[in-house]
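Colleague: Dropping the structure in here first, questions after.
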Ligand code: SAM
C-alpha cells in the first residue's frame with residue numbers, strides 16, 4: 001500500500017483518508033482481517049476489517065479515557081478485567097494505578113496481541129507485566145463464567161459486528177454486572193454520536209436498566225469515525241461525577257487530567273438527548 005492513501009469509509013458517503021508509507025503485515029486471522037501499516041503522519045496503525053483500531057500518534061487519548069475515568073472513580077480497584085484491548089494500550093494505562101493487583105486481558109484474537117507487540121511496542125508494553133494475565137478467549141464467554149470477581153471491567157472491543165456483536169447486548173451487560181463485585185464499575189467504548197446515535201441510545205437504555213448509575217462521556221480521537229468518541233459507564237455504587245479530590249492520584253498522562261475527567265461528562269445537547 002506504499003505511497004498510497006488508506007481510506008476508511010465511516011458511512012456509505014463519508015470517510016477518512018491518510019497517506020501510507022508501507023504495509024508492515026496483513027493476515028486473515030480466524031476472526032478478522034488484520035492490517036498493520038506505517039502511515040506518513042500517524043505512525044504505525046492497526047486496522048481490523050478495514051477499520052482504524054489504534055495509531056501510535058493518537059492512541060493515548062482513547063486508552064487513557066477508557067482506563068482512568070473508572071479507575072479513579074473506584075476508591076480501591078484491585079482486580080481489573082479488559083475485554084478486547086489486544087493492542088495492550090488500556091492495560092498499559094491500568095498498570096499506572098498502584099491499587100491494581102491484577103489485570104486480566106481477554107481478547108478473542110491472539111494475532112492482534114502478537115502483531116501489536118511487534119509493531120506497536122510502546123502500546124503493548126504492559127502485556128508482559130507480572131500483574132497482567134493475558135487470555136485468548138471470547139470475552140462474552142469469559143464474562144458468562146465470572147461472578148462477583150472484578151472491581152472494574154473495561155470493554156475495549158471492535159464495533160458491534162463480527163466477533164464483537166455480542167458485546168453490545170443487554171445480556172452481556174447483565175453478565176458484566178454479575179462478574180463485578182457489589183461496588184463494581186464498568187465502561188465500554190460506545191462509538192460516535194454522529195454516525196451511531198441509535199447504538200448509543202440503545203446501550204444507554206440497556207445499561208440504565210441494570211446499573212443504578214449510568215453516564216456517557218466523550219473524547220476527541222482524530223482517527224476514529226467523526227473524531228468524537230463516546231464511552232458508557234455503568235456503576236453499582238460510585239458516581240464518576242462525585243470523585244473526592246484526594247482520590248485523583250498524580251500519574252503520567254498526555255490527555256487525561258482531573259479537569260478532563262469532569263469535563264468529559266459535559267455533553268452537547270444533541271448527545272445529551274441520546275442519554276434520556
Ligand atoms: N479501540 C478500538 C475501538 O474502539 O474500536 C478497539 C481496539 S482493540 C484492538 C479491539 C479488540 O476487540 C480486537 O483485538 C478484537 O480481537 C477484540 N474482540 C472483538 N470481539 C471480541 C470478543 N468477543 N471477545 C474478546 N475480544 C474481542
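In the UniProt record's numbering, the protein residues as written are 1 to 276.
In this text, a Cβ means the ideal position worked out from N, Cα and C, and glycines have one as well.
#1: Please name the residue in 185, 84, 213 and 149 whose C-alpha comes closest to that of residue 138.
#2: Tell me the DSSP secondary structure of residue 67 in three-state form.
#3: Consider the C-beta atom of residue 15 and the heavy atoms of the ligand SAM; say whether any pair is separated by less than 8 Å.
#4: For residue 189, report the span of its beta strand (DSSP E) as first-last.
#5: Taking only the alpha-carbon atoms, compute the straight-line gap between residue 159 and residue 150 and give it to the nearest angstrom.
#6: Can you check DSSP and say which residues form a bridge with residue 229?
#7: Skipping 5 residues on each side, what residues in its chain have a beta carbon closer than 6 Å to that of residue 186?
#8: Any heavy atom of the ligand SAM closer than 8 Å to the beta-carbon of residue 163?
#9: Does any C-beta atom of chain C lie closer than 9 Å to the C-beta of residue 194?
#10: Helix, strand or coil: which one does DSSP assign to residue 256?
#11: Short check: CB of residue 213 to CB of residue 173, under 9 Å?
#12: Pick from 49, 121, 131 and 61: whose alpha carbon is nearest that of residue 79?
#13: Output the distance between the C-alpha atoms of residue 201 and residue 117, rounded to the nearest integer angstrom.
#14: Using CA coordinates, which residue listed in 236, 218 and 251 is at the minimum distance from residue 183?
#15: Between the Cα of residue 35 and the Cα atoms of 42, 125 and 27, which residue gives the shortest distance?
#16: Under DSSP, the beta strand (DSSP E) around residue 108 begins and ends at which residues?
#17: Just curious, the alpha helix (DSSP H) that residue 83 is in, first and last residue?
#18: Indicate, with yes or no, if the ligand SAM has a heavy atom lying under 8 Å from the CB of residue 271.
#19: How is residue 177 classed by DSSP in three states: helix, strand or coil?
#20: Going by C-alpha to C-alpha distance, which of 249, 224, 271 and 245 sits closest to residue 60?
#21: Around the C-beta of residue 5, are 16 or more other C-beta atoms found within 10 angstroms, so that it is buried, or is it exposed?
#22: Would you give the residue range spanned by the alpha helix (DSSP H) that residue 198 belongs to?
#23: So, for residue 199: in the same chain, excluding its five sequence neighbours on each side, which residues have a beta-carbon less than 6 Å away from its beta-carbon?
#24: Kindly indicate which three-state DSSP category residue 10 falls into: helix, strand or coil?
#25: Give me, in chain order, the residues of the same chain whose beta-carbon lies closer than 8 Å to that of residue 88; leave out the 5 immediate sequence neighbours on both sides.
#26: Take residue 215 as the anchor and find which of 181, 267, 244 and 143 has the nearest alpha-carbon.
#27: Is residue 125 near the ligand SAM - that is, is its Cβ less than 8 Å away from at least one heavy atom of it?
Modeller: In brief:
#1: Here residue 138 is taken as the residue at index 138 of the chain shown, counted from 1. Taking only the C-alpha atoms, the option nearest residue 138 is 84.
#2: Walking along the chain shown from the start, residue 67 turns up at place 67. Per DSSP, reduced to three states, the secondary structure at residue 67 is helical.
#3: Stepping through the chain shown from its first residue, residue 15 is reached at position 15. Short note on residue 15: C-beta not closer than 8 Å to any heavy atom of the ligand SAM.
#4: Within the chain shown, the letter at position 189 stands for residue 189. In this chain, the beta strand (DSSP E) harbouring residue 189 covers 180–189.
#5: Here the question's residue 159 lines up with position 159 in the chain shown. Here the question's residue 150 lines up with position 150 in the chain shown. If you take the alpha carbons of residue 159 and residue 150, they lie about 24 Å apart.
#6: Numbered from its first residue, the chain shown carries residue 229 at position 229. DSSP output for residue 229 lists 219 as bridge partner(s).
#7: By 1-based counting over the chain shown, the position of residue 186 is 186. If we look at residue 186 and ignore the five residues flanking it on each side, its Cβ neighbours are 153, 176 and 234.
#8: The residue given as residue 163 occupies position 163 in the chain shown. The beta carbon of residue 163 sits closer than 8 Å to at least one heavy atom of the ligand SAM.
#9: Looking at the structure shown, chain C is missing, and only one protein chain is on hand.
#10: Along the chain shown, one-based indexing puts residue 256 at 256. DSSP places residue 256 in coil when its eight states are reduced to three.
#11: The sequence position of residue 213 within the chain shown is 213, counting from 1. The sequence position of residue 173 within the chain shown is 173, counting from 1. Taking 9 Å as the Cβ cut-off, residue 213 and residue 173 do not qualify as a contacting pair.
#12: Taking the chain shown and counting its residues from 1, the one referred to as residue 79 is at position 79. Ranking 49, 121, 131 and 61 by Cα distance to residue 79 puts 131 first.
#13: Here residue 201 is taken as the residue at index 201 of the chain shown, counted from 1. Here residue 117 is taken as the residue at index 117 of the chain shown, counted from 1. Each residue's alpha carbon lies about 35 Å from the other.
#14: Indexing the chain shown from 1 puts residue 183 at position 183. For the residues 236, 218 and 251, the minimum Cα distance to residue 183 belongs to 236.
#15: Within the chain shown, the letter at position 35 stands for residue 35. When only C-alpha atoms are compared, the closest one is 27.
#16: Counting from one through the chain shown, the residue named residue 108 turns up at place 108. Residue 108 -> no beta strand (DSSP E), and no H or E assigned at all.
#17: Within the chain shown, numbered from 1, the residue matching residue 83 stands at position 83. Careful: residue 83 lies outside any alpha helix (DSSP H), inside the beta strand (DSSP E) at 79–84.
#18: By one-based count along the chain shown, residue 271 stands at place 271. Every heavy atom of the ligand SAM is 8 Å or more from the Cβ of residue 271, so no.
#19: Translated into positions along the chain shown, residue 177 becomes position 177. If DSSP states are grouped into helix, strand and coil, residue 177 belongs with the helices.
#20: Position 60 of the chain shown holds residue 60. Out of 249, 224, 271 and 245, 224 has the C-alpha closest to the C-alpha of residue 60.
#21: Within the chain shown, residue 5 is the residue found at index 5, counting from 1. Residue 5 should be labelled exposed.
#22: What you label residue 198 is simply residue 198 of the chain shown in a count that begins at 1. First-last of the alpha helix (DSSP H) with residue 198: 197–208.
#23: Here residue 199 refers to the residue found at position 199 of the chain shown. Excluding sequence neighbours, residue 199 sits near 191.
#24: By 1-based counting over the chain shown, the position of residue 10 is 10. DSSP, reduced to helix, strand and coil, places residue 10 within a strand of the structure shown.
#25: Numbered from 1 along the chain shown, position 88 holds the residue referred to as residue 88. Take residue 88, set aside five residues on each side of it, and the residues of its chain with a beta-carbon closer than 8 Å to its own are 105, 113, 116, 117, 120, 123, 124, 125, 126 and 127, in chain order.
#26: Position 215 of the chain shown, counted from the first residue, corresponds to residue 215. Nearest Cα to residue 215 within the set 181, 267, 244 and 143: 267.
#27: Mapped onto the chain shown, residue 125 falls at position 125. The answer is no for residue 125.
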